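Following the numbering used here from start to finish, the sequence shown increments by one per residue and tops out at 552. Below is one structure, written out as structure tokens, with a few remarks after it.
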Amino acid sequence: MIRSVTSPLPGVTCALLVFFSATAYAGADAGSIAAPAGTQPVATLAATGVQVYSCEFDASHRLGWVFKRPDATLYDANGRAVVHHGAGPSWQADDHSRIVGQVVGQAAGQTPGSISQLLLQTKSTGPEGMLSGVRYVQRLDTVGGAAPANHCVTEHQIGESPYFAHYAFLK
Numbered sequence: 382m383i384r385s386v387t388s389p390l391p392g393v394t395c396a397l398l399v400f401f402s403a404t405a406y407a408g409a410d411a412g413s414i415a416a417p418a419g420t421q422p423v424a425t426l427a428a429t430g431v432q433v434y435s436c437e438f439d440a441s442h443r444l445g446w447v448f449k450r451p452d453a454t455l456y457d458a459n460g461r462a463v464v465h466h467g468a469g470p471s472w473q474a475d476d477h478s479r480i481v482g483q484v485v486g487q488a489a490g491q492t493p494g495s496i497s498q499l500l501l502q503t504k505s506t507g508p509e510g511m512l513s514g515v516r517y518v519q520r521l522d523t524v525g526g527a528a529p530a531n532h533c534v535t536e537h538q539i540g541e542s543p544y545f546a547h548y549a550f551l552k
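What follows is the structure, given as structure tokens:
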């Protein structure tokens, strides 16, 4: 199903393919982010949001962007917001189920300026619900989200970079 949603870019509306999946999503072919053998899909959701960066000094005392957290909304097949993605990285569903993941695989984004595609393994879960049985999360088909192109000039300055992705939740 194709839904129109407002992007984090001012004045831009995007068509996103949103659906629940009966099979693993095949949007990426990199082995490092492939679904582990024996996993079954719970859902594949379309996401829109921002990657948040902070301007910090490095070891050489130069300012540069450092990734802090994602802030995104994931949509179901009806275009309804059902999961919030935030720091941790974490995902919290409307039913209050929650998971926190850790990166176990990474592949380059398929377009310039895009954040990496990822395979994450669940390291903790919250209350019972939609996400409670999820063991892995794939971030696929990323568009945007790389650190801001402009140089930061003030320590702790915040920069946001809009992005889109598909998230496949696997048990």
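Idealized CB from N, CA, C, for every residue including glycine. All values derive from a computational prediction rather than experimental measurement.
Ranked by how close their Cα comes to the Cα of G430, the residues E437, T523 and A549 have T523 in first place. Note: R450 is bridge-paired with V433 in the DSSP secondary-structure output. Distance from the CA atom of A453 to the CA atom of A474, rounded to whole angstroms, is 12 Å. For the pair G419 and Q502, the Cα-to-Cα distance works out to about 14 Å.
Rounded to the nearest angstrom, the Cβ distance from S505 to G525 is 28 Å, too far for a contact under 8 Å. Here H477 is exposed, its C-beta having fewer than 16 other C-beta atoms within 10 Å.
For a cut-off of 8 Å, the C-beta gap from H547 to A416 is around 13 Å, too long to register as a contact.
DSSP, reduced to helix, strand and coil, places I539 within a strand of the structure shown. Apart from sequence neighbours up to five positions away, the residues of its chain that approach M511 with a beta-carbon distance below 6 Å are A474, D476 and S478, ordered along the chain. By a beta-carbon distance limit of 8 Å, A488 does not contact Q519. Their separation comes to about 10 Å.
Sixteen is the threshold: since fewer than 16 other Cβ atoms of the shown chains lie within 10 Å of the Cβ of I539, the residue is exposed. With respect to the 8 Å criterion, P470 and G482 are classified as neighbours on the basis of their beta carbons.
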